[in-house]
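One structure is given below, encoded as structure tokens.
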Amino acid sequence: MGIILSGVQPTGNLTLGNYLGAIRNWVTMQSHNTCFFCIVDLHALTVPQDPKKLKMQTREVAAAYIASGINPSLSTIFIQSNISAHTELSWFLSCFTPMGWLNRMIQFKEKSGKNRESSVLGLYAYPVLQAADILLYKATDVPVGEDQKQHVELARDIAGAFNRAYEKEIFPLPEPQILGEATRVMSLRDGTKKMSKSDPSEFSRIHLRDDADTIAQKIKKAKTDPDPLPEDPKLLTERPEAFNLVNIYSALSNQSLESVCHQFAGAQFSTFKPALADLVVSIIAPIGLEIERLMNHEDELDGILKKGNDHAREVAEKTLHEVQKTIGILRV
Ligand code: AMP
Ligand code: TRP
46 MGIILSGVQP TGNLTLGNYL GAIRNWVTMQ SHNTCFFCIV DLHALTVPQD PKKLKMQTRE
106 VAAAYIASGI NPSLSTIFIQ SNISAHTELS WFLSCFTPMG WLNRMIQFKE KSGKNRESSV
166 LGLYAYPVLQ AADILLYKAT DVPVGEDQKQ HVELARDIAG AFNRAYEKEI FPLPEPQILG
226 EATRVMSLRD GTKKMSKSDP SEFSRIHLRD DADTIAQKIK KAKTDPDPLP EDPKLLTERP
286 EAFNLVNIYS ALSNQSLESV CHQFAGAQFS TFKPALADLV VSIIAPIGLE IERLMNHEDE
346 LDGILKKGND HAREVAEKTL HEVQKTIGIL RV
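Mapping of the sequence shown onto our numbering: position 73 corresponds to residue 118, and the numbering continues sequentially without gaps.
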């Protein structure tokens, strides 16, 4: 039994990659852990956001969590910005974070690129806010994609630095849990690129809200090669697009790559693609419909978020007060 915390940014339509690489894995953790899942809207603000869209996309991520099987009576679903303790703890932690540690963050280097001087402070300080998200709930395990491993390790280092400074075990040291590694979903247009919300091509990804026809069409148009499927999945290593489709089938059907290859050995993509489309539709279309339903029932959705916020706030404020007391903040 551990304390789990994770989050997704409300920056656009969630994809099959988000589902298989992140959200689906959280669902199985709920029964034997204390789970907190947030919508990290403050992190989304590190790049420009349209106010109306941000609001809508925040609800959409919450709806996607619930539609994918995150159960609000087992897990706490909440909006990061609604709990002011996140930004407050972030400040305290930033006073324990050497700039040298932040200078090593790969994501900042990638996102700032050549424009380091004009990059905003928020983008640079982003991992400290992420550490606050994790440490406020004293999370022990943080399920994330491979790209976030370095940020969770930084949260661990910051927790250690704080504990050492006051010779007190205030924060447990959180561990990254890289669950999505086996199910890294790649672009349907280029098997060497990650399926991403921000890819300019709609045909590169499957959205959780795509309807059955759209899903089928995207799979039909997915890039492949002229060879039939092999009996041995090892023969797919040089065929990234073919591997990706087999991998998606394997993940969604909870079968090994071996067993999928065995089942389709010798089949052409004209046979495999319709089978894959049926499978994706059978799992994703109901999730899409439930997202749609929740988006049309804002009161129900906001009610769940409010309940989650209230519980998260209670836990977060307790930790914040403990930190304030430790630091020597006078509260009158
Ligand atoms: P992002 O969409 O980058 O904000 O990521 C949200 C979560 O989904 C993170 O835990 C990512 O690691 C995961 N994720 C995003 N895209 C993919 C993908 N194509 N395959 C697997 N996991 C992904
Ligand atoms: N930075 C993460 C991402 O871009 C999102 C995130 C913010 C997060 N706070 C977190 C993930 C805390 C896990 C735990 O995907």
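Think of the CB as a built atom: it goes at the ideal place given N, C-alpha and C, for glycine as much as any other residue. Since the structure is predicted, the reported quantities are computational estimates derived from the model, not experimental observations.
Integer-rounded CB distance, given that residue j should sit under 8 Å from residue i
i	j	result
E286	G236	4 Å
V187	P217	V187 to P217, Cβ: 11 Å. No contact.
A130	A361	4 Å
L199	A176	6 Å
K266	I223	About 31 Å separates the two Cβ atoms, so there is no contact after all.
K263	L233	6 Å
I84	A357	Going by Cβ atoms, the distance from I84 to A357 rounds to 11 Å, so no, they are not a contact pair.
I260	A330	7 Å
E191	M340	No, E191 and M340 are not in contact; Cβ-Cβ is about 30 Å, not under 8 Å.
I374	Y182	About 20 Å; that fails the 8 Å criterion.
Residue i versus residue j: straight-line alpha-carbon distance, rounded
i	j	result
L334	A108	10 Å
G158	D86	23 Å
E133	N116	29 Å
S135	D202	14 Å
A310	S295	14 Å
A345	A112	Ala is not the amino acid found at residue 345; the sequence shown has Glu there. Answer to the nearest angstrom: the Cα atoms are 13 Å apart.
P55	M101	9 Å
P273	L50	42 Å
I124	N289	33 Å
D255	N148	39 Å
R161	L174	20 Å
I68	T103	15 Å
F137	Q369	9 Å
H366	L180	13 Å
V230	H342	31 Å
S249	T371	50 Å
I251	A257	11 Å
F314	N292	14 Å
A184	D178	9 Å
N417	N70	Here the chain has residues from 46 to 377 only, and residue 417 is not among them.
C306	K279	10 Å
Y92	L168	It is worth fixing the name first, because residue 92 is Val in this sequence and not Tyr. Those two C-alpha atoms are separated by around 8 Å.
S164	M150	14 Å
V197	P172	8 Å
V72	E359	23 Å
S126	L99	12 Å
Y64	L253	8 Å
M144	E303	47 Å
M46	K213	23 Å
L228	A312	First, the amino acid is wrong: residue 228 is Thr here, not Leu. The alpha-carbon atoms of T228 and A312 are separated by roughly 23 Å.
L324	F317	11 Å
C140	P245	39 Å
E276	T269	17 Å
N354	A210	31 Å
K97	S301	42 Å
Three-way DSSP call (helix, strand, coil) for residue i in this model
i	result
L7	The chain is shown from 46 up to 377; residue 7 falls before or after that span and cannot be answered.
V187	strand
K98	helix
H307	helix
Q222	strand
M240	coil
H252	strand
M38	Since the first and last residues shown for the chain are 46 and 377, residue 38 lies out of range.
M74	coil
F81	strand
I115	coil
T91	coil
T56	coil
I260	helix
K120	It should be pointed out that residue 120 corresponds to Ser in this sequence rather than to Lys. If DSSP states are grouped into helix, strand and coil, S120 belongs with the strands.
M231	strand
T316	helix
M150	coil
A361	helix
A287	helix
V197	helix
A109	helix
G66	helix
G373	coil
H366	helix
S126	helix
G205	helix
query = Three or more C-beta pairs closer than 8 Å, one from the stretch 55-63 and one from the stretch 236-251: is that the case here?
reply = yes
key: Any 3 or more C-beta pairs closer than 8 Å across the stretch 62-82 and the stretch 100-120   = yes
inquiry  = Across the stretch 277-285 and the stretch 338-353, are there enough close Cβ pairs to call them in contact, namely three or more that are closer than 8 Å?
reply    = no
request  = Could you tell me whether the stretch 87-101 touches the stretch 189-208, using the rule of 3 or more Cβ pairs below 8 Å?
outcome  = no
query = Three or more C-beta pairs closer than 8 Å, one from the stretch 146-154 and one from the stretch 327-343: is that the case here?
reply = no
ask   = Closer than 5 Å from C-beta to any heavy atom of the ligand AMP: which residues, in chain order?
value = V53, Q54, G62, N63, G66, A67, V189, G190, G225, R229, V230, K239, M240
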